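Residue numbers (my numbering), protein chains in the order written: chain A, 9 to 238; chain B, 9 to 238. Glycine included, C-beta positions come from ideal geometry on N, C-alpha and C. Note that the coordinates shown come from a computational prediction; the quantities given were computed from them, not determined experimentally. Below you'll find the structure, written out as structure tokens, and then a few comments.
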DNA sequence: CACCTAAGCGGACCGTGGTCCAGTTCCCCC
DNA sequence: GGGGGAACTGGACCACGGTCCGCTTAGGTG
């Protein structure tokens, strides 16, 4: 409560929960790769600063919630100039997305290469059914970050993770024998998994996870009848 | 290009396309009424200023797009203090929503009391089918405003228009004989009509209105089989 | 090892959304 | 008609996101 204007988080104690894999800046989101692959590797100092920024940001999110994260504070806590922060991540949303990235990768690994019923060894219908609950629970555990990143609404549908989910679901639908406009059906299914919607239904409306999951199974059955047995 | 800092829109020529019906400020969005009813009427000068602000804002949106609307400019153009503007509408999103309000009312009138197949004289299945295209086209014609207002993601689901649509669709679903979790099904249907999604599919993905409408019919058929004939 | 250049860096600066509070205006009640 | 108090007004003020541009440094080249 003294006169000093900005709060300092001097070398916070929490460990950096973010891999040091090099993720590129702003516009690389358009990549088609699973999430956003390294690209041209950064100069040594740039990489170091990037890691520091991510660590600081991650720590501050854990402490005060994603909504209260300010760019100034992150830059200050990482002992790095604001310009550097913006150069690396483009904007606030970019930073949040970078924080989300490694968690996103875990989910992607689960449904691309993991064990059944999510992974490729299960029949398409089963995988489709399992996909919804997996995403719902994933988003539920990271919801403040998803919500904060979602603030930039215009970016949602062009993001790599979304596009990956879209093709994944579209393929599963076809494989499961769903007819009609499978791409649009996939969009519907993904809309049901929108972090905002999930959060609203769980938190604001007080619905249970089980109810949401049952809703997903209903939806799958409606859009791809008999998929379970395909 | 001279030194004067802020652009002045001195008494713009376009007519005010917004009814002078008194709409309350920020928090009244929680109302359950069709949109957001008058409530306690404003003091004479407040009402006058409100109208001036709406007229100025509406005009500026028409001229330079909703995305470029700044609160300072609106207040200046209406010859009103910034504090007044914020007191009346709460925040930028509130102002945008107020602009959207009367257009929203038109749509609501169409599906609550209008002629078939949207209005109450048609069978539920028909109304449900007709609802989607009506909303899609409505949103498409006002999309920049919807997109700008949508920037505040956290508010979407608690807004009166959304809640009205939700109960409307839920009732139609039940009436049409859809079983299961009708409320959740209604949420799915409404998700499909999200302005962001509609805009993305139409603009970015280049889908046609017809395709989106066909997708809606598919969806209705999947969630309420045989509704058409109910 | 010295140089050169492109990449990286940082913090002053700006515009905008949003807050605050002292002064003013309206309207109800006497 | 006049007095009292609540509601409204307005613009100075603040915080935050984002930009800009001159300086620094990494790291390749002869």
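Practice task
Could you tell me whether the Cβ of residue 34(B) comes closer than 9 angstroms to any Cβ of chain A?
Solution key: Because residue 34(B) sits at a pLDDT of 41, beneath the cut-off of 50, its placement in the model cannot be relied upon, and the following sentence gives the value as read from the coordinates. Answer no: the Cβ-Cβ gap between residue 34(B) and chain A never drops below 9 angstroms.
_Proximal residues of chain A, C-beta to C-beta of residue 205(B) below 8 angstroms_ = 165, 195, 199
Quiz item: Looking at residue 140(A) and residue 201(A), is the spacing between their C-beta atoms short of 9 angstroms?
Solution: yes
(Q) Among the candidates 137(A), 113(A), 112(A), whose CA atom is the shortest distance from the CA of residue 124(A)? (A) 137(A)
- Query: Using a beta-carbon distance below 9 angstroms, is residue 300(B) in contact with chain A?
  - Reply: Within the shown structure, residues of chain B are numbered from 9 to 238, placing residue 300(B) beyond reach of any answer.
- [ ] Please list the partners that residue 212(A) has in chain B, where partner means a Cβ-to-Cβ separation under 9 angstroms.
- [x] 165, 166
message: Run through chain B and tell me which residues come within less than 7 angstroms of residue 208(A), C-beta to C-beta.
response: 165
Notebook entry, point to check: How big is the Cα-Cα spacing for residue 98(A) and residue 90(A)?
Noted result: 11 angstroms
Distance cutoff 9 angstroms, beta carbons only. Does residue 40(A) sit that close to anything in chain B?
Low confidence applies here, because residue 40(A) scores a pLDDT of 35, under 50, leaving its location unreliable and the question unanswered by this model.
- Query: Which of helix, strand or coil does DSSP assign to residue 78(B)?
  - Reply: coil
#### Entry: Interface partners of residue 189(B) on chain A, CB under 8 angstroms
219, 222, 223, 226
Within 9 angstroms (strictly less), CB to CB, does residue 129(A) reach chain B? no
- Are the C-beta atoms of residue 230(A) and some chain B residue less than 9 angstroms apart? yes
**Prompt:** Got a sec: does the ligand GDP put a non-hydrogen atom nearer than 8 angstroms to the Cβ of residue 205(B)?
**Reply:** Among the ligands in the structure shown, none appear at all, so the ligand GDP cannot be discussed.
Could you check what DSSP says for residue 150(A) in three-state terms: helix, strand or coil? coil
Exercise for review: Take residue 206(B) and list the residues in its own chain whose beta-carbon comes closer than 8 angstroms to its own, dropping the five residues that flank it on each side.
Suggested key: 144, 147, 148, 151, 220
What are the residues of the region 122-152 of chain A that lie near chain B, defined by any Cβ-Cβ distance shorter than 7 angstroms? none
Discussion item. So residue 81(A) and residue 68(A) are supposed to be a Cβ contact under 8 angstroms. How far apart are they, rounded?
Written reply: 7 angstroms
(request) Kindly indicate which three-state DSSP category residue 220(A) falls into: helix, strand or coil? (result) helix
| So is residue 235(B) buried or exposed if we call it buried at 16+ other beta carbons inside 10 Å? | buried
Query raised in the report: Mapping DSSP to helix, strand and coil, what is residue 187(A)?
Result: coil
Exercise. Between residue 37(B) and chain A, is there a C-beta pair that is closer than 9 angstroms?
Worked result: Low confidence applies here, because residue 37(B) scores a pLDDT of 43, under 50, leaving its location unreliable; read the following figure in that light. No, no contact with chain A.
Hey, residue 190(B) and residue 181(B) are a contact pair by Cβ (cut 8 angstroms); roughly how many whole angstroms apart? 5 angstroms
Practice prompt. For residue 161(B), go through chain A and note every residue whose CB falls closer than 8 angstroms to its CB, in chain order.
Written response: 155, 158, 159, 161, 204
| query | Is the region 211-228 of chain A touching the region 207-226 of chain B in the sense that three or more CB pairs, one from each, lie closer than 8 angstroms? | reply | no
Practice task
Reducing DSSP to helix, strand and coil, say where residue 87(B) ends up.
Solution key: coil
*Kindly indicate which residue of 76(A), 72(A), 71(A), 92(A) has the alpha-carbon position closest to the one of residue 60(A).*
92(A)
| For residue 49(A), is the classification buried or exposed, using 16 other Cβ atoms within 10 angstroms of its Cβ as the cut-off for buried? | exposed
Less than 9 angstroms between the C-beta atoms of residue 157(A) and residue 104(A), yes or no?
yes
- prompt: When the Cα atoms are used, what is the spatial distance from residue 155(B) to residue 167(B)?
  reply: 15 angstroms
### Task
Could you tell me the boundaries of the alpha helix (DSSP H) in which residue 160(B) lies?
Neither: residue 160(B) is in no alpha helix (DSSP H) and is coded neither H nor E.
Is there a Cβ of chain B sitting closer than 9 angstroms to that of residue 233(A), yes or no? yes
Per-residue burial, residue 31(B) [other beta carbons within 10 Å of its own, 16 or more giving buried] | Residue placement at residue 31(B) is flagged as unreliable, the pLDDT there being 35, under the threshold of 50; a coordinate-derived value is accordingly withheld.
Run down chain A in chain order and give the residues with a C-beta less than 8 angstroms from the C-beta of residue 181(B).
-> Going along chain A, no residue has its Cβ under 8 angstroms from residue 181(B), so there is no contact; the nearest lies around 12 angstroms.
Expected contact under 8 angstroms - CB spacing of residue 184(A) and residue 133(A) to nearest Å: 5 angstroms
Could you compute how far the alpha carbon of residue 142(B) sits from the alpha carbon of residue 177(B)? 13 angstroms
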